[in-house]
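In the working numbering, the protein residues as written are 25 to 191.
For glycine and all other residues, C-beta sits at the position ideal for the given N, C-alpha and C.
I have placed the structure first, in the form of structure tokens, so that the comments after it can refer back to it.
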């Protein structure tokens, strides 16, 4: 037995054209291009299952992006770009207390030899680098464990530790 018919998604010609260009542009992140293609499929009159089958995904994903698009459809294109319409929503949770600039200062400190800071050691330990971060005024306080965690996870990928810019 067929389910309820999804709400119609009608695109103005300028929006459809912008979506098509956005979905095929080489510099468009693949996740956003995929979402644009879902919206175009919905606008072609296909139901969620048909769009999902065509793009090898779950109908729930199509349903989600159809409803997200419909929620912002009334906002004019100059006020809310295609990329902004298809971007992830802000994530829940506490924002990082460490700014990207502070993170860069911490990484730069870790790259310095401890002797340069007057520390009688040859390698940074968690407690020594935490003390130096506070001594230089980079942060008012930081635990040795968190300082090491930032450096271990963050040097190759600063956003993995939550120290980078918000997603």
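{"Check": "Stretch pair the segment 32-44 + the segment 62-73: three plus CB contacts closer than 8 Å", "Outcome": "yes"}
{"Check": "Cβ-Cβ distance between residue 224 and residue 143 below 7 Å", "Outcome": "The first residue shown for the chain is 25 and the last is 191, placing residue 224 beyond what the model contains."}
{"Check": "For residue 169, three-class secondary structure by DSSP", "Outcome": "helix"}
{"Check": "Cβ distance (whole Å) where residue 46 is taken to contact residue 106 below 8 Å", "Outcome": "5 Å"}
{"Check": "Integer Cβ distance of residue 85 from residue 97, believed to fall under 8 Å", "Outcome": "That belief does not hold up - the Cβ atoms of residue 85 and residue 97 are roughly 18 Å apart, past 8 Å."}
{"Check": "Local Cβ density within 10 Å of residue 145, reported as buried at 16 or more and exposed below that", "Outcome": "exposed"}
{"Check": "Local Cβ density within 10 Å of residue 119, reported as buried at 16 or more and exposed below that", "Outcome": "exposed"}
{"Check": "Local conformation of residue 152 per DSSP, three classes", "Outcome": "helix"}
{"Check": "Range covered by the alpha helix (DSSP H) that runs through residue 65", "Outcome": "54-67"}
{"Check": "Proximity winner among 121, 74, 79, relative to residue 27 (alpha-carbon distances)", "Outcome": "74"}
{"Check": "Residue burial classification, residue 156 (beta-carbon count within 10 angstroms, cutoff 16)", "Outcome": "buried"}
{"Check": "Whether residue 171 touches residue 150 by CB criterion (7 Å)", "Outcome": "yes"}
{"Check": "DSSP-derived helix/strand/coil call for residue 131", "Outcome": "helix"}
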